[in-house]
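Chemist: Per this note's numbering, the very first residue in the sequence shown carries number 11; after that it's consecutive. Using N, Cα and C, we set each Cβ at its ideal position, and we do this for glycine too. All of these numbers come straight from a predicted model, not from anything done at the bench. I'd like to ask you about the structure that follows.
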Amino acid sequence: MAVDIVPELNEKITVAFRSRLMRNRRLPAISRMIEAGTATLDEAHEFSAIVGEAASGALKSVLVGENLPNGTLYRNIAERTVTPLLEETYTLVNDEAVQIQQLLDAAENIGLGSVRADFPRDRIADLIDKISEDLDIEIARRWLGEPIVNNSEAFFDDYVKANASFRQRSGMESRIIRKAESGACKWCRALAGSWEYGDEPREVYARHEFCRCSTTYVANRRAQSVWSKKEWELPKEQLSIMRQTRAPDEMTKEERAEVIAQREKDAQSVIDRREYLKKRRELFSRR
Ligand SMILES: [Zn+2]
């Protein structure tokens, strides 16, 4: 009977992933910024790229011909090795963003939690298809390179989009900001800027290979006073949207369930800083 090699591969991938994170020099610096309360969403983006690079390096070091049956990365192996690691990457990227968001909010006295973007199942399934469709290890390994980093950055881009939208819906004013990295290409330099959420070009969330530009957002409280009934401070447009929004008792059972599910999701996205730093040390520090 053939032995399933996936558990052994996953163990090796985990070890390789952790050791790459532990060797990274920027992670302890970002930890110190979280501790000091000076980290910003730019660091959350940088973190997504670092974690993505560690994930890519780990996959490329373990998923080599000699570790695979017939030297081939079959779909069922790619599916059960790459997807779980990307799920872990997704969790790390979202936790870091939620934690840093909390610091920024605490400084502004904003008591709103963060939302996590959903795990992009379809996007990752497409990637797995591309990795395994040719049954050619060299092509597979190309997909395990930069595309893995890009997907990790995209987890953060999804977070930004979800939270800019969440805050806008909560009566704040969100702006999307795209900063070009130093030495960015012409396309990325042209794309740098800031837009009111909803007016940003779609490309703001796009990136080419090896692009490390950051897309973040800020939300200010200008319109938040709706909750204290100072409605005159709200832009007209927003007022009319809010008037069209039905009160909870007018909602159908399904709508209410959806609101409750969203609240539960939001409530989960609050992390104790001390607990978080402890967990982070366990993951990223040399022992
Ligand atoms: Zn770029």
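Starting from Val228, follow its DSSP beta bridges and name the residues at the other end.
Modeler: Taking the sequence shown and counting its residues from 1, the one referred to as residue 228 is at position 218. According to DSSP, Val228 bridges with Arg185.
Chemist: State the Cα-Cα distance for the pair Ser295 and Met43, rounded to the nearest angstrom.
Modeler: Locating residue 295 in the sequence shown gives position 285, where the first residue counts as 1. Locating residue 43 in the sequence shown gives position 33, where the first residue counts as 1. If you take the alpha carbons of Ser295 and Met43, they lie about 16 Å apart.
Chemist: Are the C-beta of Arg290 and some C-beta of chain B separated by less than 8 Å?
Modeler: Absent here is chain B; the protein component of the structure consists of one chain.
Chemist: Assuming Ile15 and Pro79 are in contact, meaning their beta carbons sit under 8 Å apart, how far apart are those beta carbons, in whole angstroms?
Modeler: For the purposes of this step, residue 15 is taken as residue 5 along the sequence shown, with counting starting at 1. For the purposes of this step, residue 79 is taken as residue 69 along the sequence shown, with counting starting at 1. Correct: roughly 7 Å between the Cβ atoms.
Chemist: Heavy atom of ligand 1 less than 7 Å from the Cβ of Ala190, yes or no?
Modeler: Sequence index remark: in the sequence shown, residue 190 carries index 180 (1-based). With a cutoff of 7 Å, Ala190 counts as near ligand 1, since its C-beta is closer than that to a heavy atom of the ligand.
Chemist: Does the distance from the C-beta atom of Phe27 to that of Ala68 stay below 8 Å?
Modeler: Taking the sequence shown and counting its residues from 1, the one referred to as residue 27 is at position 17. Taking the sequence shown and counting its residues from 1, the one referred to as residue 68 is at position 58. With contacts defined as CB atoms closer than 8 Å, Phe27 and Ala68 qualify as a contacting pair.
Chemist: From the DSSP secondary-structure annotation, give me the bridge partner or partners of Gly203.
Modeler: For this step, residue 203 is matched to residue 193 along the sequence shown. Arg188.
Chemist: DSSP three-state label for Ala12, please.
Modeler: Residue mapping note: residue 12 aligns to position 2 of the sequence shown, counting from 1. Correct three-state label for Ala12: coil.
Chemist: With the cut-off set at 8 Å, would you say Leu122 and Gly47 are in Cβ contact?
Modeler: As a first step, residue 122 must be located in the sequence shown, where it is residue number 112. As a first step, residue 47 must be located in the sequence shown, where it is residue number 37. In this structure, Gly47 does not lie closer than 8 Å to Leu122 by Cβ.
Chemist: Are Leu96 and Ala59 close, meaning C-beta to C-beta below 8 Å?
Modeler: The residue labelled residue 96 in the question sits at position 86 within the sequence shown. The residue labelled residue 59 in the question sits at position 49 within the sequence shown. In this structure, Ala59 does not lie closer than 8 Å to Leu96 by Cβ.
Chemist: Helix, strand or coil for Gly121, going by three-state DSSP, please let me know.
Modeler: Start at 1 with the first residue of the sequence shown, and residue 121 comes out as number 111. Three-state result, Gly121: coil.
Chemist: Residues in the same chain with beta-carbon distance under 7 Å from Ile158, minus the five sequence neighbours each way, listed in chain order, please.
Modeler: Your numbering for residue 158 matches position 148 in the sequence shown. Gly62, Ala65, Ser66, Leu69, listed in sequence order.
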